[in-house]
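Remarks on the structure that follows.
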Amino acid sequence: MKVAVIYESRTGNTRRAAELIGAAVAELGHEVGVWSTGEVNLDFLADADLVFVGTWTDGIIVAGHRPGDKRRLEAMPGIWGKPTAGFVTYAVHCGKVLDKLARVVRARGGEWIGGRAFRRDKLPEGIGEFVVAALEAVGGPEAVGLEAATSSD
Ligand SMILES: Cc1cc2nc3c(=O)[nH]c(=O)nc-3n(C[C@H](O)[C@H](O)[C@H](O)COP(=O)(O)O)c2cc1C
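Numbering (my numbering) for the sequence shown: 615 to 767.
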């Protein structure tokens, strides 16, 4: 499969999450590109089978959580019809930021398949599982290195 990872990051945590996602995708044998929202390779994105979109959590810690630099996310290239998994990083509490990221992804035309929040001081915990779940949702068992089931007699 061809997988595009797009992120928004100010201090590097979400970029690190994006790079970890990219490395996990590559390790499973897929072609992957990782870019910030303003640098996406449009030819690659047009051919992608799966997209990951990530950003940081902006809020007042206990409330008001929203996707960080939302306007930049809203200005990213259209991801028309592509299955898209979201990810966010946060410090302490991220509330319903994934629901709001889902809205942004849908507004760009992406088909939201689910998302996951990663606590910045716990990275890379959970990245591998997240990548496997997203790849499997789109490409089936073979996309995560399992042999296709054969009919038994
Ligand atoms: C203006 C601002 C608001 C933030 N609000 C929250 C918040 O409400 N909850 C939280 O857990 N982290 C909050 N954070 C922390 C960031 O979401 C966290 O450090 C994130 O990993 C930063 O990602 P980046 O390094 O990719 O920029 C805030 C950070 C900034 C700069």
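Glycine included, every Cβ here is placed at the ideal spot set by N, Cα and C.
Secondary structure in the region 645 to 711: the beta strand (DSSP E) runs of 3 residues or longer, each lying completely within the stretch, are 645 to 650, 664 to 672 and 697 to 704 in chain order.
Taking C-beta separations shorter than 7 Å and ignoring five residues to either side along the sequence, the partners of A662 in its chain run K616, V617, A618 and K696, following chain order. Within the model, the alpha-carbon separation for G709 versus L634 is close to 23 Å. In this chain, the alpha helix (DSSP H) harbouring G636 covers N627 to E641. Look at W670: its beta carbon is less than 8 Å from one of the heavy atoms in ligand 1. For K714, the number of other beta carbons within 10 angstroms of its own is at least 16, and it is reported as buried.
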